[in-house]
Amino acid sequence: MAKLRVSRVGEQIKKEIVDIVRTEVKDPRVGFVTITEVEASGDLQHATVFVSVLGDEEQRKGTMEALQKAAGFIRAEVGRRVRLRRTPELHFKLDTSLDYSTRIGKVLRDIKEGEKQDEPQSETETRI
Numbered sequence: 001m002a003k004l005r006v007s008r009v010g011e012q013i014k015k016e017i018v019d020i021v022r023t024e025v026k027d028p029r030v031g032f033v034t035i036t037e038v039e040a041s042g043d044l045q046h047a048t049v050f051v052s053v054l055g056d057e058e059q060r061k062g063t064m065e066a067l068q069k070a071a072g073f074i075r076a077e078v079g080r081r082v083r084l085r086r087t088p089e090l091h092f093k094l095d096t097s098l099d100y101s102t103r104i105g106k107v108l109r110d111i112k113e114g115e116k117q118d119e120p121q122s123e124t125e126t127r128i
């Protein structure tokens, strides 16, 4: 039962953070940001916010710095919107799973293309 509540609270916090980052955070360093997941601790004292950022490494670093700087503001806004005894402390973490899956997909495509090049061109070549 407790895990279900933590999961629901995490989803609600995610929904509110998405709205806050999209409409309230005015820092120009916050570019194309996607909140991929929010993991709340069992006691709801802390929440890890996983963020995917579109752009190069410098843009990602700037966006993460801006989000860390705005964490207090975002936490206060979440506290106003979600009724909890105590609003969790927010910790932003860069989510690299999308980059990883893209890299894996590219490697698999390269392997598949390599196999196509190694295949014989005709049946006569396979008999030799």
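Numbering (the UniProt record's numbering), first residue to last: 1 to 128.
We put the beta carbon where it would ideally sit given N, CA and C, even for glycine.
Everything numeric in this text was worked out from a predicted model, so none of it was measured.
Can you give me the C-alpha to C-alpha distance between residue i and residue j, rounded to a whole angstrom?
i: Asp-110; j: Phe-32; result: 29 Å
i: Pro-93; j: Arg-60; result: The amino acid occupying residue 93 in the given sequence is Lys; Pro does not appear at that position. Whole-angstrom Cα-Cα distance: 11 Å.
i: Val-51; j: Ile-35; result: 5 Å
i: Ser-101; j: Glu-115; result: 21 Å
I need the DSSP call for residue i, collapsed to helix, strand or coil.
i: Leu-90; result: strand
i: Asp-110; result: helix
i: Arg-85; result: coil
i: Asp-99; result: helix
i: Ala-70; result: coil
Please say whether residue j and residue i have beta carbons closer to each other than 8 Å?
i: Glu-57; j: Ala-47; result: no
i: Arg-86; j: Gln-45; result: yes
i: Ile-13; j: Glu-77; result: no
- Jot down the residue ranges of each uninterrupted alpha helix (DSSP H) in the region 14 to 56, minimum 4 residues, whole runs only, in chain order. none
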